[in-house]
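Using the UniProt record's numbering, the letters of the sequence shown correspond one by one to residues 1 to 543.
For each residue, glycine too, the CB sits at the ideal point set by N, CA and C.
Structure, as structure tokens:
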Amino acid sequence: MCCLVVLPLLYEANRVDRVLGVVEDVSNHDIEAAALLKEIAVLQSDLRSQRESAVAEAVIARAENRLPDVILLQQGYIAESEKVNGLVDRLHTLAVTSAGAPISSARERLWKEMIDRSSRLRDAFQRVQKDAIPMFDKLLQGRVDDARAVQPQLTAMRAVIDTNITDGSQISEGLAQAGQDRIRQLRRELIESAVIAGIVAIVVAIAIAFLTSRSITARLRRAVRLTGQVRDGDLTQQVAAEGSDELATLGRYLNDMAAKLRTVASSTRATAESMHAATAQIRASTQQQAASVAQQLAAVEETTATLSEITESGAQINRRAQGVAENAQAAAATSETGLKAVEDTNQAMDAIREQAEAVAENIVLLSERTQAIGEIILTVNDIAERSHLLALNAAIEAAAAGEHGRTFAVVASEIKSLADQAKEATAQVRSNLSEIQHGINASVMLTEEAVKRVGAGKRQTDATQATIRDLAESVQESLLAFQQIVAGTNQQQIGLEQVTRAMQNIRDAGTQTAAGTRQLEGAAANLNDLGEGLVGLVQYYRV
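As structure tokens, this is what we get:
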């Protein structure tokens with residue numbers, strides 16, 4: 001479009017340059033021709049004055065009977081004649097040049113006439129010079145009459161020169177008029193061509209603008225349609241991007257944008273689906289973990305309740321063991337009393353029956369108490385078995401609890417050791433009680449025989465004394481064993497309290513773990529919801 005607009009401007013510039021050339025030609029050549037003619041006319045007048053002055057000087061000199069002094073006039077005449085010849089030649093050359101490149105036919109005709117006039121002037125001046133220069137020689141020689149005889153010819157040639165100069169001036173005026181006419185014509189043509197060129201440029205510009213606008217609008221419409229498809233989620237479309245202009249660059253950028261968005265959408269969709277699957281797995285895992293923590297917490301609660309029951313049972317055992325120890329001490333005192341009574345049997349045979357009956361009652365009571373001790377031993381043995389089993393369960397739970405169960409594992413090991421000691425002690429007590437039971441049974445038999453056979457005397461009392469002495473030693477041993485049992489049950493009670501506190505700590509940790517698991521499950525649920533939302537959002541785009 002710029003080229004089509006510039007072409008008329010160049011054409012008009014050429015026309016303007018031609019007009020300016022015509023103006024310059026008219027102004028320069030016409031002015032120069034007029035100046036040359038004017039100068040030729042002035043020189044012609046000077047030459048005539050010099051010739052007339054030379055003749056007048058010769059006439060005066062002859063009257064004064066002397067030679068005329070016309071040397072300077074002759075020299076001036078010759079110089080100005082050469083100058084005139086040069087001016088005429090310049091005029092002739094200017095006319096020939098201008099006639100060779102005419103602006104118009106009228107000016108061509110006038111310049112040809114100027115060539116003719118300049119040729120005539122040159123011939124006339126040559127004739128004048130041919131006659132005038134010898135005239136000066138004749139004047140120098142004093143031949144005034146001969147010199148004056150040439151004047152009619154010179155006058156006739158001067159008339160020819162004046163006529164040609166006048167004609168040349170008229171031709172110059174005609175050239176100026178013809179030049180102005182040509183300039184006015186060129187001006188009208190320039191205005192007309194400028195208007196036509198402007199109209200053509202405007203029409204061409206409108207046509208090009210229309211075609212360009214259609215081309216740009218169509219391509220922009222395709223680009224806008226692509227952006228609308230991208231907005232609607234369709235990333236599979238592309239726009240044609242042929243060429244190297246800005247719209248083609250825009251099309252390539254839009255295609256690159258759609259391709260990159262397609263890549264991003266595909267990656268995001270894959271990531272969202274992977275995240276959705278991962279969050280679903282995390283949620284399932286946290287739900288399983290929450291269920292496992294709840295089960296562990298329930299197991300810890302149950303174990304804590306069992307430990308509380310065991311602690312209460314241990315306290316009861318401790319109290320019963322203390323009572324058994326007190327009874328054993330009473331039995332020891334009673335055995336000492338029986339021994340003393342046997343020793344006093346010899347001195348108080350009358351009191352044997354009463355003492356034997358008292359001994360029988362005490363032995364029966366002791367038998368009942370030993371049976372009670374046997375039941376307590378069974379209970380203690382059962383507690384030891386349960387403590388052993390509890391220690392195993394506690395060790396398993398401590399291993400499952402990890403770092404939090406290390407202290408609990410130590411306590412469980414201590415409980416297991418105490419349970420083993422309790423089992424050993426109960427085995428010993430059971431053995432001693434078995435022996436005591438046998439001794440009591442024998443004492444009962446002997447006491448009954450002593451009651452029936454009071455008169456048997458001292459032999460039976462000695463045997464009874466020995467038996468009672470053994471009984472006292474056994475009771476003393478039983479007393480020591482019961483004291484050990486009491487100490488063991490005290491240690492077991494302390495251990496059970498420690499185990500209870502450890503289980504409470506495990507329960508608190510399990511509660512915190514359950515709360516954290518529930519929070520993690522909620523976060524996993526939220527993350528799963530976000531993953532579903534992201535998957536739904538990414539599925540909006542078609543790739």
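Classify Tyr77 as buried or exposed, calling it buried when 16 or more other Cβ atoms lie within 10 Å of its own Cβ.
Locating residue 77 in the sequence shown gives position 77, where the first residue counts as 1. The residue in question, Tyr77, is buried, as its Cβ has 16 or more Cβ neighbours within 10 Å.
CA-CA distance, Tyr62 and Ser118?
In the sequence shown, residue 62 corresponds to position 62, counting from 1. In the sequence shown, residue 118 corresponds to position 118, counting from 1. First, the amino acid is wrong: residue 62 is Arg here, not Tyr. Distance from the CA atom of Arg62 to the CA atom of Ser118, rounded to whole angstroms, is 39 angstroms.
Determine whether the beta carbon atoms of Leu43 and Gly168 lie at a separation below 7 angstroms.
Within the sequence shown, residue 43 is the residue found at index 43, counting from 1. Within the sequence shown, residue 168 is the residue found at index 168, counting from 1. No, the pair does not count as a contact, with Cβ atoms beyond the cut-off.
Check whether the Cβ atoms of Ala178 and Ser104 lie closer than 7 angstroms to each other.
Looking up residue 178 in the sequence shown gives position 178. Looking up residue 104 in the sequence shown gives position 104. Taking 7 angstroms as the cut-off, the beta carbon of Ala178 is found closer than this to the beta carbon of Ser104.
Stretch pair the segment 498-513 + the segment 431-450: three plus CB contacts closer than 8 angstroms
With a cut-off of 8 angstroms, the segment 431-450 and the segment 498-513 do not count as touching, because too few Cβ pairs lie within range.
Assign Ser431 to one of two classes, buried (16 or more other C-beta atoms within 10 Å of its C-beta) or exposed (fewer than that).
Position 431 of the sequence shown, counted from the start, is the residue given in the question as residue 431. Exposed.
Could you give the C-beta distance for Ala422 and Val380, rounded to a whole number, given that I count them as a contact under 8 angstroms?
As a position in the sequence shown, residue 422 is number 422, starting the count at 1. As a position in the sequence shown, residue 380 is number 380, starting the count at 1. At roughly 6 angstroms, the Cβ-Cβ gap stays under 8 angstroms, so Ala422 and Val380 are in contact.
With H, G and I counted as helix, E and B as strand and the rest as coil, what does DSSP make of Asp131?
In the sequence shown, residue 131 corresponds to position 131, counting from 1. Under the three-state reduction of DSSP, Asp131 is assigned to helix.
With DSSP run on the structure shown, which of helix, strand or coil describes Asp146?
Position 146 of the sequence shown, counting from 1, holds the residue named residue 146. Per DSSP, reduced to three states, the secondary structure at Asp146 is helical.
My understanding is that Leu139 touches Ala147, with C-beta atoms under 8 angstroms, so please give their C-beta distance in whole angstroms.
On the sequence shown, position 139 is the one that residue 139 refers to. On the sequence shown, position 147 is the one that residue 147 refers to. Indeed, because the Cβ distance is near 5 angstroms, the residues count as touching under 8 angstroms.
Measuring CA to CA, which of Arg48, Ala425, Ala54 and Glu57 is closest to Asp382?
As a working note, residue 382 is residue 382 in the sequence shown. Nearest of Arg48, Ala425, Ala54 and Glu57 to Asp382, Cα basis: Ala425.
Would you report the Cα separation of Phe125 and Met157, rounded to the nearest angstrom?
Numbered from 1 along the sequence shown, position 125 holds the residue referred to as residue 125. Numbered from 1 along the sequence shown, position 157 holds the residue referred to as residue 157. Whole-angstrom Cα-Cα distance: 8 angstroms.
Helix, strand or coil: how does DSSP classify Asp234 here?
In the sequence shown, counting from the first residue as 1, residue 234 sits at position 234. Looking at Asp234 - three-state DSSP - the assignment turns out to be strand.
Along the chain, where does the alpha helix (DSSP H) containing residue 572 start, and where does it finish?
Outside the displayed span of the chain (1 to 543) sits residue 572, for which this structure offers no information.
Whose C-alpha, out of Glu108, Thr155, Ala487 and Glu326, is nearest the C-alpha of Gln129?
Counted from its first residue, the sequence shown places residue 129 at position 129. It is Thr155.
Return the first residue and the last residue of the alpha helix (DSSP H) that Glu52 is part of.
As a working mapping, residue 52 is identified with position 52 in the sequence shown. For Glu52, the enclosing alpha helix (DSSP H) covers residues Ile31 to Ala63.
Buried versus exposed call for Phe210 [16 or more other C-beta atoms within 10 Å across all chains shown]
Mapped onto the sequence shown, residue 210 falls at position 210. Around the beta carbon of Phe210, fewer than 16 other beta carbons sit within 10 angstroms, so the residue counts as exposed.
Check whether the Cβ atoms of Val150 and Ala58 lie closer than 7 angstroms to each other.
Within the sequence shown, the letter at position 150 stands for residue 150. Within the sequence shown, the letter at position 58 stands for residue 58. The answer is no: Cβ separation not under 7 angstroms.
Taking Cβ positions, are Thr500 and Thr286 nearer each other than 7 angstroms?
Here residue 500 refers to the residue found at position 500 of the sequence shown. Here residue 286 refers to the residue found at position 286 of the sequence shown. In terms of Cβ geometry, Thr500 and Thr286 do not form a close pair [threshold 7 angstroms].
Answer yes if the segment 85-101 comes into contact with the segment 66-73, meaning at least three C-beta pairs across the two stretches below 8 angstroms, and no otherwise.
As far as the Cβ criterion goes, the segment 66-73 does not touch the segment 85-101, which means the pair count is below three.
Would Val239 be called buried (16 or more neighbouring beta carbons within 10 Å of its own) or exposed?
Mapped onto the sequence shown, residue 239 falls at position 239. Buried, since its Cβ has 16 or more Cβ neighbours within 10 Å.
Collapsed DSSP secondary structure at Glu309 in the structure displayed
Here residue 309 is taken as the residue at index 309 of the sequence shown, counted from 1. Three-state DSSP puts Glu309 in a helix.
Taking the alpha-carbon of Gly251 as reference, which of Arg219, Gly233, Gln229 and Gln483 has the nearest alpha-carbon?
Taking the sequence shown and counting its residues from 1, the one referred to as residue 251 is at position 251. For Gly251, the closest alpha carbon among the candidates Arg219, Gly233, Gln229 and Gln483 is that of Arg219.
Report back the beta-carbon spacing between Ser172 and Ala33 to the nearest angstrom; my notes put them in contact at under 8 angstroms.
On the sequence shown, residue 172 is found 172 positions in, with the first residue counted as 1. On the sequence shown, residue 33 is found 33 positions in, with the first residue counted as 1. Sure, about 5 angstroms apart at Cβ, within 8 angstroms.
Rank Ile396, Arg320 and Gly533 by C-alpha distance to the C-alpha of Leu378 and give the top, closest one.
Translated into positions along the sequence shown, residue 378 becomes position 378. Of the listed residues, the one whose Cα sits closest to Leu378 is Arg320.
Return the residue from the list Gln50, Arg182, Gly522 and His438 that minimises the CA-CA distance to Gly106.
In the sequence shown, counting from the first residue as 1, residue 106 sits at position 106. Note on residue identity: the sequence assigns Ala, not Gly, to residue 106. Of the candidates Gln50, Arg182, Gly522 and His438, the one whose C-alpha sits nearest the C-alpha of Ala106 is Arg182.
Is the separation between the beta-carbon of Ala398 and that of Ile415 shorter than 7 angstroms?
Locating residue 398 in the sequence shown gives position 398, counting from the first residue. Locating residue 415 in the sequence shown gives position 415, counting from the first residue. In this structure, Ala398 lies away from Ile415, with their beta-carbon atoms at least 7 angstroms apart.
Does the beta-carbon of Arg369 have 16 or more other beta-carbons within 10 angstroms, so that it is buried, or is it exposed?
Reading the sequence shown from its first residue, position 369 is the one you call residue 369. Classification for Arg369: buried.
Using 7 angstroms as the threshold, is the C-beta distance between Ala412 and Ala394 below it?
For the purposes of this step, residue 412 is identified with residue 412 of the sequence shown, where counting begins at 1. For the purposes of this step, residue 394 is identified with residue 394 of the sequence shown, where counting begins at 1. For the 7 angstroms CB-CB criterion, Ala412 and Ala394 form a contact.
State the Cα-Cα distance for the pair Thr447 and Thr334, rounded to the nearest angstrom.
As a first step, residue 447 is located in the sequence shown; it is residue number 447 there, counting from the start. As a first step, residue 334 is located in the sequence shown; it is residue number 334 there, counting from the start. C-alpha separation (whole angstroms): 15 angstroms.
Cβ atoms of Leu121 and Asn164: under 7 angstroms apart, would you say?
One-based indexing of the sequence shown puts residue 164 at position 164. One-based indexing of the sequence shown puts residue 121 at position 121. Using a Cβ distance threshold of 7 angstroms, Asn164 and Leu121 count as a contacting pair.
Within this structure, are the beta carbons of Leu254 and Gln237 separated by less than 7 angstroms?
Taking the first residue of the sequence shown as 1, we reach residue 254 at position 254. Taking the first residue of the sequence shown as 1, we reach residue 237 at position 237. Result no, Cβ atoms of Leu254 and Gln237 do not sit closer than 7 angstroms.
Taking just the CA atoms, how far does Gln329 sit from Glu354?
Within the sequence shown, residue 354 is the residue found at index 354, counting from 1. Within the sequence shown, residue 329 is the residue found at index 329, counting from 1. Distance between Glu354 and Gln329, taken at the CA atoms: about 23 angstroms.
Does DSSP put Arg66 in a helix, in a strand, or in coil?
Counted from its first residue, the sequence shown places residue 66 at position 66. Residue state, collapsed to three classes: coil.
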